[in-house]
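So in this note's numbering the end of the sequence shown lands on 495, straight run, no missing numbers. Just so it is clear, CB atoms sit at the ideal spot from N, CA and C, and this is done for glycine as well. This structure is a prediction, so every number in the text was calculated from the model and none was measured.
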Amino acid sequence: MVTEEGNAIFAPGQKDIQKPTPDFGGHSPTTYKKHQGGSLGSYMRGALGFLVILHGQTAGVAAQSLNSTFVPTTLVSKAPVLSSTSKPPLAVSPTSNSPAVSPTSIASSVPIPPSSSAKGSSRPTSAPPNPTPIPIVITNSCPDTIWPGIGTQHGIGPGLGGFELAPGETRPLFVSPDWQGRVWGRTNCSFNDEGTGPSNLNGVNGNGAACMTGDCFGRLDCEYTGQVPVTLAEFNLMGGENSDQTFYDISLVDGYNIPLGIIYIPAANTTWIPPNLTNCMCIASAGFLDPPSRSGLYYTNKTFPMPWEPDQTNPTVGGWCPWDLQVYPPSKPGDGIYPYPDDSIQRPVFDPCLSACAATGNPEDCCTGKYKNPDICTPSLYSENAKTVCPDAYSYAFDDQTSTFIIPNGGGWEVVFCPRGRSTNILRIFGDELRTLASGGTLTREKWEKVQNRTYIESVNPKGSKSSGMSIRPSFLGMTASLVIISMLFFLF
């Protein structure tokens with residue numbers, strides 16, 4: 003267990019830039035939502051069957067301890083869509099000559115955009131058609147222990163709201179087919195023996211929290227959504243007008259703390275869906291990125307290359323958060339004066355970032371009240387930068403068209419913390435294919451060939467094209483200060 007004195011990637015130690023000493027600065031918990039989970043009861047017989055399936059599909063996970071270079075662990079996903087060294091599952095790899103596959107027709111549906119207070123759902127859903135549980139697998143590929151949190155908004159949850167997960171460990175859980183909920187990672191936690199509060203009276207941040215990010219009022223077993231900022235995996239397993247679609251996304255609407263990926267585990271009726279249409283990643287922390295590339299093979303296979311965000315490097319991705327939205331900004335230099343612009347200051351590797359909405363709560367930042375209109379509420383600097391580093395993630399309330407994944411329901415999910423590779427760029431490159439998949443459940447021969455064509459992926463996703471969004475811009479505060487300094491120098495000389 004990592005305590006506040008622990009030597010860990012997310013633990014203190016500001017003298018070493020790779021082990022920062024956060025100071026929460028009095029930030030209090032916001033945007034909590036009641037957890038409505040429960041035991042699975044009659045679902046457990048089906049759960050045993052899924053455990054057998056998962057065991058048969060399991061690949062090894064190689065854990066890597068923290069070192070001074072702060073590189074992420076080597077992960078081979080336990081889902082049936084694997085890394086480039088693995089053979090693709092037979093049912094997931096149709097050739098370019100494969101005919102179009104047409105499962106049951108799926109009704110089209112447009113999801114309701116997320117908000118700071120309620121996410122992971124599109125509309126009320128009907129009761130599940132059968133009692134078969136759905137696997138939700140949680141994998142920690144980070145170099146240090148994390149404490150996943152789970153919030154249930156509808157349906158039957160896994161029966162617990164949080165637990166400890168060591169580096170390289172995976173834990174399978176099960177939920178009902180109509181589950182709506184979210185998963186997030188908590189960092190630098192230190193609980194008492196009962197898990198009902200922090201290990202000391204003041205907590206890890208002086209305000210009674212047991213975790214530095216994602217805290218649940220000090221409890222190990224979360225009953226509420228975690229304290230912002232957190233990177234969220236959100237699910238509505240039975241959405242759409244006919245309750246036959248699954249909606250899911252990675253959300254940065256309330257902020258970002260650690261890298262996260264969502265991997266689809268196909269069911270018998272969905273094994274034909276290509277993994278490069280479903281397995282999204284958001285990697286916005288320095289030290290975790292592979293070198294710039296337009297495509298890759300992590301969490302997919304050679305038949306279906308994964309579209310990647312092509313431009314970010316570890317140095318650039320370390321500075322995307324607007325200066326005033328950092329939860330733990332770096333200490334001032336020795337003379338107590340910040341150089342300008344702010345973005346020239348070396349930031350800590352663990353640099354959680356609040357969204358503009360989470361930081362201010364203002365209607366214009368949260369798209370509420372009279373601003374609840376996409377024509378009025380436009381992306382903030384935070385949202386623009388977040389979309390640049392994580393093209394497939396939600397960045398603000400009206401970002402649904404470029405952030406929501408919709409596929410036929412069935413199958414399970416793996417949530418991976420600190421995934422390998424780079425942020426994905428699936429929705430921009432294959433948005434048309436995903437819309438076809440969601441509305442009709444079929445891919446034509448032309449679309450099959452397109453999702454297998456690395457040349458096509460790289461031609462529409464060139465480096466330096468700003469294809470992932472706008473280039474990262476410095477904060478207005480830093481730019482203003484720079485102009486002031488330049489003006490003073492001009493006046494003096």
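With 16 other Cβ atoms within 10 Å as the buried cut-off, status of residue i
i      : result
ASP246 : buried
THR406 : buried
GLU435 : buried
ASN303 : buried
ALA168 : exposed
ASP251 : buried
LEU439 : buried
ILE267 : buried
THR33  : Summary for THR33: the model assigns pLDDT 35, below 50, so the residue's position carries little reliability; its value from the coordinates is reported in the next sentence. Label assigned to THR33: buried.
GLN403 : exposed
ASP195 : exposed
ASN202 : exposed
THR380 : exposed
ALA360 : buried
GLU448 : exposed
GLY413 : buried
GLY320 : buried
THR172 : buried
PRO82  : Residue confidence is low: PRO82 scores 33 on pLDDT, short of 50, so the model does not pin down where it sits. Its coordinate-derived value is still stated next. It counts as buried.
PRO24  : Its pLDDT being 31, under 50, PRO24 is placed unreliably in this model, and the coordinates cannot settle the point.
Own chain, CB closer than 7 Å to residue i, minus 5 neighbours either side, in chain order
i      : result
ASN316 : ALA288, GLY289, LEU291
THR198 : ARG221
Whole-angstrom C-beta distance between residue j and residue i, which should lie under 8 Å
i      : j      : result
ILE148 : ARG184 : That belief does not hold up - the Cβ atoms of ILE148 and ARG184 are roughly 15 Å apart, past 8 Å.
SER357 : VAL255 : 6 Å
THR272 : PRO410 : 6 Å
GLY220 : GLY205 : 6 Å
LEU262 : PHE419 : 6 Å
ALA2   : ILE264 : With the chain running from 3 to 495 in the structure shown, residue 2 is simply not present.
ASN142 : GLY170 : 7 Å
ILE498 : THR233 : No answer is possible for residue 498: the residues shown for the chain start at 3 and end at 495.
GLY210 : CYS218 : In fact, because the Cβ distance is near 12 Å, the residues do not count as touching under 8 Å.
CYS369 : ALA395 : About 17 Å separates the two Cβ atoms, so there is no contact after all.
VAL329 : PRO354 : 5 Å
ASP367 : SER382 : 6 Å
Beta carbon of residue i nearer than 9 Å to that of residue j
i      : j      : result
PRO1   : LEU429 : No answer is possible for residue 1: the residues shown for the chain start at 3 and end at 495.
ASP223 : LEU162 : yes
GLU2   : ILE152 : No statement about residue 2 is possible, as the shown extent of the chain runs from 3 to 495 and does not include it.
PRO294 : ARG456 : no
GLN182 : GLY157 : yes
ILE387 : TRP322 : Residue identity differs from the one stated: residue 387 is Asn in this sequence, not Ile. Going by C-beta atoms, ASN387 is nearer than 9 Å to TRP322.
LEU327 : GLY257 : yes
ALA212 : PRO231 : no
GLN314 : THR390 : yes
PHE306 : PRO277 : yes
Cβ shell of residue i (< 6 Å), same chain only, five flanking positions each side left out
i      : result
THR248 : LEU239, ILE409, ASN411
ILE138 : LEU175, VAL177, TRP415
MET283 : GLY263, PRO421, SER425, THR426
TRP186 : GLY151, GLY216, GLY228, VAL232, LEU234
ALA269 : GLY412, GLY413
SER397 : LEU254, SER385, ALA388, LYS389
Beta-carbon proximity list for residue i, same chain, < 8 Å, skipping 5 on both sides
i      : result
ARG296 : PRO309, TRP310, PRO312, ILE459, GLU460, ASN463, PRO464, LYS465
ILE372 : For clarity, residue 372 is Lys in the given sequence; the question names Ile instead. Once the five neighbours on either side are set aside, the close Cβ partners of LYS372 are PRO365, ILE378.
LYS452 : PHE432, GLU435, TYR458
| field | Continuous beta strand (DSSP E) assignments of at least 3 residues falling wholly in the segment 360-414 | value | 407-410
| said: What ranges does the beta strand (DSSP E) occupy inside the segment 150-205, keeping only unbroken runs of at least 3 residues that lie completely in it? | reply: 172-177, 182-188
| Mind pulling the alpha helix (DSSP H) runs of 4 or more residues that sit fully within the segment 256-321? | 316-319
| field | Complete runs of the alpha helix (DSSP H) confined to the segment 417-459 [at least 4 residues] | value | Within the segment 417-459, the runs of alpha helix (DSSP H) that reach at least 4 residues and sit entirely inside it are, in chain order, 428-431, 433-442, 447-453.
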